[in-house]
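This report refers to the structure that appears directly beneath it.
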Amino acid sequence: MTLWKFSTALASVALFAAGCTFTEEALWPSLTGEDPAGASVQEGAPASAALPAPAGPPVQQAQRPGPAPRAARQAAPMPAGGETGTSVGKKIGDLRAELARLHGSISQHNSMLQELRSTIVQDSQRYHGTVAAVNARLQVGTTPGNPVLVQQFAAAQGELDRVATSIGGLNRLAAAVDADSTLSAFLSESTHAAFTLTGAVDEDHRQLAILEDEVNRTVVLVDRLMNEVADDVRRQTQYVATERSNLNLLSTGIKVGEIYGASLVNRAMTAAGASAPTGPLLASADITGRRPLVLIRFDRADVPFQQALYNAVSRALERRPNASFDLLAVAPSIGTRGQVASNTTKARQEAEAVLRALVEMGLPPSRVAMSASVSTAATTNEVHLYIR
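Throughout the sequence shown, residue numbering follows our numbering, covering 10 to 397 in sequence.
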């Protein structure tokens, strides 16, 4: 008797565990219109039986991108109601046909979104792989203007251009989904208004209630699809703009054969968590008594100032992401009036070269104010950069 009770208790525990497994799976939402637990899983089967076996080694699986999430479930076909022979019944048939057409359009646009996402992922992976190869070569050192790196840089530009082309496809898809939204709103209003039509029988109103529920679900699907497409457009537009700025700096690194890092404006945006301020050229401030952030002496030809300049400005922007700068061209005041004028002109040209380098590094020109002066303490042309 005791053994029979023990066996019965074990069977009850097993049934309760199976019931818990089914309930847990039922809590997960389904975006495909299918049973969340999966139609192929038989009742009472272990949950592990429904899981596919992993294919390939774990490392390869982690590197291979998974499928993009479905933006909208595939709406189930409307159950066809019996013909009532009334004018309202004919109206229901017309609305049902329009809804079926809308379902097909949603399915098509959802598939287009997944294809665009897959294309963007592949192009982005190739782009980052090419950029990583260039940076790796710059990191260990190379010759200025290395033709191999120039060729790789051109390939990276082409891959980023393909991502930008996909943004155009997303914009066209957004316009198409907007048309779906207009149709879904029309169907919602028409279905609601059909309840007020005269000459309907009870069966007409029963079918209208079913149709109205399906139209309302479809409106939610269209809104979800619109939001996902809009989010993708925003993300990809920001991504391309950021990477174009990084490519500009990478181009400068290839020219001098040295690695820099991320664009200065991107560093500032990352540190601040917001967009860098933009606006007109800043007015020059009084720099009396201020210590320069960077002092470049042009006492010989081809002064290699770029790396030190980038490091100093990068650190400054990490501390003060919204910082702006004063660029001062300093010429010595010794010599004749003509020599002073000549040195001042040359100092301005050297300051403009520093400004161009800052812009190539990603710093917006609106954050730099440039001016010139002469100094009795200077023995050669100098360019000072002050943080404001």
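The C-beta atom is built at its ideal place from N, Cα and C for all residues, glycine as well.
Quiz item: Between the beta-carbon of I101 and the beta-carbon of Q216, is there less than 7 Å?
Solution: yes
Quiz item: How many Å lie between G262 and L147 at the Cα?
Solution: 8 Å
Self-check item: Span of the beta strand (DSSP E), counted from its first residue to its last, around S384
Solution: 377 to 384
Exercise. Could you tell me which residues DSSP pairs with I305 in its beta bridges?
Key: V392
Practice problem: Name the residue from L259, L337, V172, S380 whose alpha carbon lies nearest to the alpha carbon of T412. | Solution: Absent from the structure is residue 412, since the part of the chain shown begins at 10 and ends at 397.
Quiz prompt | Length of the line joining the Cα atoms of K264 and G150 | solution = 12 Å
Quiz item: Is the segment 199 to 210 touching the segment 176 to 185, taking contact as three or more C-beta pairs under 8 Å?
Solution: no
Quiz item: Between the C-alpha atoms of V242 and V249, what's the straight-line distance to the nearest angstrom?
Solution: 11 Å
Exercise. Rounded to whole angstroms, what's the CA-CA distance from N144 to I268? Just pull it up for me.
Key: 6 Å
Quiz item: So the alpha helix (DSSP H) D311 belongs to, where does it begin and stop?
Solution: It is not in any alpha helix (DSSP H) - D311 carries neither H nor E in the DSSP assignment.
Self-check item: Per-residue DSSP class, three states only, for F204
Solution: coil
Quiz item: Nearest CA to the CA of L394: which residue from L220, P341, A317, P330?
Solution: A317
Quiz prompt | Top-ranked residue by Cα proximity to P330, from I305, E359, P373, A350 | solution = P373
Quiz prompt | CA-to-CA distance, L326 to A381, given in whole angstroms | solution = 24 Å
Quiz item: Is P313 buried or exposed, if buried means 16 or more other CB atoms sit within 10 Å of its CB?
Solution: exposed
Quiz prompt | Expected contact under 8 Å - CB spacing of E198 and L108 to nearest Å | solution = So it is not a contact: roughly 13 Å between Cβ atoms.
Quiz item: For L336, which residues does DSSP report across the bridge?
Solution: M379, L394
Quiz item: Helix, strand or coil for P374 per DSSP?
Solution: helix
Quiz item: When the Cα of E391 is compared with those of L111, R126, T353, V238, which residue comes out closest?
Solution: T353
Self-check item: Coarse secondary structure for P156, derived from DSSP in three states
Solution: helix
Quiz item: Helix, strand or coil for E34 per DSSP?
Solution: With a pLDDT of 36 at E34, under the threshold of 50, the predicted position of this residue should be treated as unreliable, and no value is reported.
Quiz item: Counting pairs of beta carbons, one from the segment 118 to 130 and one from the segment 91 to 100, are three or more of them closer than 8 Å?
Solution: no
Exercise. Give the single residue among S260, I176, L230 whose Cα lies nearest to the Cα of N155.
Key: S260
Practice problem: Would you give the residue range spanned by the alpha helix (DSSP H) that R253 belongs to? | Solution: 211 to 265
Self-check item: Which residues DSSP lists as bridging P341, in chain order
Solution: S384
Exercise. Report yes if the C-beta distance between R397 and S333 is below 7 Å; otherwise report no.
Key: yes
Practice problem: Measure the Cβ-Cβ separation of T93 and E212 and say whether it is below 7 Å. | Solution: yes
Quiz item: From this set, T251, A142, I176, which residue's C-alpha is nearest A163's C-alpha?
Solution: A142
Exercise. Measuring alpha carbon to alpha carbon, tell me which of S120, T95, A366 ends up nearest L258.
Key: A366
Exercise. Could you tell me the distance, in whole angstroms, from the CA atom of T385 to the CA atom of I305?
Key: 17 Å
Quiz item: By a C-beta neighbour count over all protein chains shown, 10 Å radius and 16 as the cutoff for buried, is I343 buried or exposed?
Solution: exposed
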